[in-house]
Amino acid sequence: MPSVMESSEGGDEGESLRYEELEDDSVSPTDLSELLKEGTKESHDRAENTQFVKDFLKGQIKKELFKLATTALYFTYTALEEEMDRNKDNPVFAPLYFPLELHRKEALIKDMKYFYGEDWKEKIQCSDATQQYVDRIHHVGQHEPELLVAHAYTRYMGDLSGGQVLKKVAQRALKLPSTEEGIQFYTFENISNAQKFKQLYRARLNALDLDKNCKERIVEEANRAFRFNMEVFDELDKIGRSLAEEAQDGGVPVHDGKGDVRKCPYYADKLAGNAAAGCPYHTAVALAKQPIVQLILAACVAVAAGAAAWYVM
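Residue numbers (full-length UniProt numbering): 1 to 313.
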């Protein structure tokens, strides 16, 4: 999801994300936190303006797509936290190791169980775009651990900032429980004040003993992390456009008779041996073609028209 973007209330377009850091007079332009802030602004803007993020912020997010996004996060954070554990004693990363406060894998497992059930591991797979992201994280953790700083910063600071907007939007748009099932990923139970924690995290960033060249490489890697995120967003957007419209307010999902009929849930149910299953769309079309039904419909229309004419006289 979008990274290191603070939340603000949007207007008719829904929620919005914007980059904003509190000014700190003690921060130097050569500090890593400032270099990351300035060096990733363009990436922030591009990530915020991907179609997936814009639709999400407007509350236009299908449950199936949200489940896939959560799956992508599960694979991403599994890789990230595995490499963070590997480098927890490495001086180039150790000061940023906050497993109790930040680690998201266990929270994501709760979300996966909520959406997919206890056998969730058998129902998911890592997408192509997510796999490329995961592969890069593993490479960095094993061969260039100083660059792991960029991935941790990009993910966790974003989760504590713009991610909190997405939490509210998802809960409202998908009618998720007020007890926060399905959005545990966005809930940091061991951080009482997100703003103060982010200030601590930036201070730890600035205290890392890194030369100018290394800092530049970390900023470059942070921009690469944004690109990986945007590729995941684009992948999700393409999948979202192919998904059938979901039912509203818990109703029965139907399709319009176009596209691949095998994707119809009633067709799948029939193949599974449920003889009683039938597609509402095709049932309605078949009934409408019956002469007696057409006669009844015509009569109803005539009665309705007569009633309307009487009302306006």
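Every residue, glycine too, gets a C-beta built ideally from N, C-alpha and C. These numbers were taken from a predicted model, which means no experiment stands behind them.
In angstroms, rounded to a whole number, what distance separates the CA positions of residue i and residue j?
i    : j    : result
Y156 : N213 : 24 Å
V149 : A173 : 33 Å
T50  : T30  : 30 Å
F228 : T70  : 16 Å
Q195 : Y201 : 10 Å
K58  : D89  : 42 Å
D209 : D128 : 36 Å
Y153 : K123 : 30 Å
V169 : T40  : 25 Å
I239 : K63  : 12 Å
A203 : S28  : 11 Å
F188 : L102 : 7 Å
L236 : M230 : 10 Å
S242 : L65  : 10 Å
H151 : L35  : 15 Å
M112 : D159 : 18 Å
Specify, as a first and last residue, the run of the alpha helix (DSSP H) that residue i falls within.
i    : result
F56  : Q51 to L57
L148 : L148 to D159
S26  : Note, S26: premise wrong, no alpha helix (DSSP H); not H, not E.
A47  : K41 to E48
In chain order, what residues of the same chain lie with their CB nearer than 6 Å to the CB of residue i, ignoring the 5 residues before and after it?
i    : result
A272 : For A272, the pLDDT reaches just 45, beneath the cut-off of 50, and the residue's location in the model is therefore unreliable, leaving the point undetermined.
K121 : none
K67  : F115
Is residue i close to the ligand MG? I mean its beta-carbon at under 7 Å from any heavy atom of the ligand.
i    : result
R224 : In the structure on display, the ligand MG does not appear, and there are no ligands present to speak of.
What would DSSP say about residue i, mapped onto helix, strand or coil?
i    : result
F220 : Strictly speaking, residue 220 in this sequence is Glu, with Phe absent from that position. Reduced to three states, the DSSP call for E220 is helix.
N229 : helix
I137 : helix
C126 : coil
H103 : coil
Y19  : Annotation note: pLDDT 35 at Y19 (below 50); position unreliable, coordinate value reported separately. Note: Y19 maps to coil in three-state DSSP.
F75  : helix
I109 : helix
Once you ignore the five residues that flank residue i on each side, which residues in its own chain have a CB closer than 8 Å to its CB?
i    : result
L100 : N190
C176 : Correcting the residue identity first, residue 176 is Leu in this sequence and not Cys. The residues are A170, G182 and I183.
Apart from the five residues on each side of it in sequence, which residues of its chain come closer than 7 Å, Cβ to Cβ, to residue i?
i    : result
A207 : P95
Checklist line | Ordered list of alpha helix (DSSP H) runs contained in the stretch 172-199, each at least 4 residues | finding: Taking only runs of at least 4 residues, no alpha helix (DSSP H) segment lies wholly in the stretch 172-199.
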